[in-house]
Amino acid sequence: MKLNKDIDRKFRLARIWSNGELRKFAHLFNGDIANVSGWKDTDKEGSYYRDYFSNAKSYTITNYKSEARGFQGMEGEIFLDLTEVLPDDLKGKFNVVFNHTVLEHIYEVHLAFRNLCSMSKDIVIIVVPFLQQMHADYGDYWRFTPLTIRRMFSENDFEILYLSFNSEPNASVYIFCIATRNPHLWKSIERKFDYVDPINANDGFENYIGCHAIENVISSKRFNWGLTYTKWKRLISLISK
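Numbers in the numbering used here are just positions in the sequence shown, counted from 1, shifted up by 973.
Structure (structure tokens):
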């Protein structure tokens, strides 16, 4: 996805990129869909995420306390605290659970992640920061790697269908991931996901993991290559000099 070079690279670019990723797949999903901790459901580009899921049977927004840009009392909105035990009536309630840049703000991240998975009969879609400066006065606790996401989904009996991240120079990096509880249901259309596993990709697979956001940290050298896992040690040694 080609993005305007003048877009704010700290906060806007990764959001627009992740919106583009969601647009590729949202139409594939139907049934009952929930945007968990979705605030006003806006995509910050003038549209609503509910419009992305054009084949949804129903669409629900959940939110938390209003002072955390959360619960607003809108029609059909559900109050939900991801740091508490999930209410029984929400277990397996939705076909798709969508969660965008929320988990980094929740200290009890494993419980929150488990709740997202428990709410879904099948699909969980998450967007989390891989590399981004600290932000938000209501807490900013975590950053995630692809390996973290794979393990967290595996521990909740989900299999990844698709995982990607942006790699624009000097920009924040988001991870976009779709996982399923029922991989056999998606075998017939798995080609639509065009999934490449970054964890098992060989070292020659350049530019898959975008890490250009750290470029300005290195004052003595400039890099313009995508970071593969075997290069982490080299990069760390250069930064520490």
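Every residue gets a Cβ at the ideal spot worked out from N, C-alpha and C, and that includes glycine.
With DSSP collapsed to three states, give me the class of residue i.
i: Lys1165; result: helix
i: Glu1132; result: strand
i: Ile989; result: helix
i: Val1058; result: coil
i: Tyr1021; result: strand
i: Thr1015; result: strand
i: Phe1086; result: helix
i: Lys1206; result: Any reading at Lys1206 needs caution, since the residue's pLDDT is 46, under 50, leaving its predicted position unreliable; the model's value is listed next. Of the three classes helix, strand and coil, the one that applies to Lys1206 here is helix, per DSSP.
i: Ile1182; result: Since pLDDT at Ile1182 reaches only 42, below the 50 mark, its modelled position is unreliable, and no value is offered.
i: Arg1116; result: coil
i: Phe1044; result: coil
i: Met1125; result: helix
Under the assumption that residue i contacts residue j (Cβ atoms under 8 Å), give the Cβ distance between them as a whole number of angstroms.
i: Leu986; j: Glu1141; result: 6 Å
i: Arg1154; j: Phe1131; result: 6 Å
i: Tyr1025; j: Ala1007; result: Not confirmed; about 13 Å, so no contact.
Going by C-alpha distance, which of the options is nearest residue i?
i: Pro1119; options: Leu1084, Leu1158, Lys1094 and Val1100; result: Val1100
i: Glu1102; options: Lys1017, His1073, Tyr1025 and Leu1059; result: Looking at the sequence provided, one finds Pro at residue 1102 rather than Glu. Per the Cα distances, His1073.
i: Asp1110; options: Asn1139, Ile1098, Ser1093 and His1078; result: His1078
i: Phe969; options: Pro1060, Phe1138, Val1097 and Gly1019; result: Since the first and last residues shown for the chain are 974 and 1214, residue 969 lies out of range.
i: Asn1088; options: Leu995, Ile1162, Glu994 and Val1009; result: Val1009
i: Tyr1032; options: Asp1005, Ile1051, Val1058 and Asp1014; result: Asp1005
i: Ser1161; options: Asp1014, Leu1134 and Cys1150; result: Leu1134
Across which residues does DSSP place residue i in a beta bridge pair?
i: His1073; result: Val1100
i: Ala1152; result: Val1097 and Ile1133
i: Asn1036; result: Phe1052
i: Phe1067; result: Ser1093
i: Val1009; result: Thr1035
i: Gly1004; result: Ala1029
i: Phe1138; result: Ile1148
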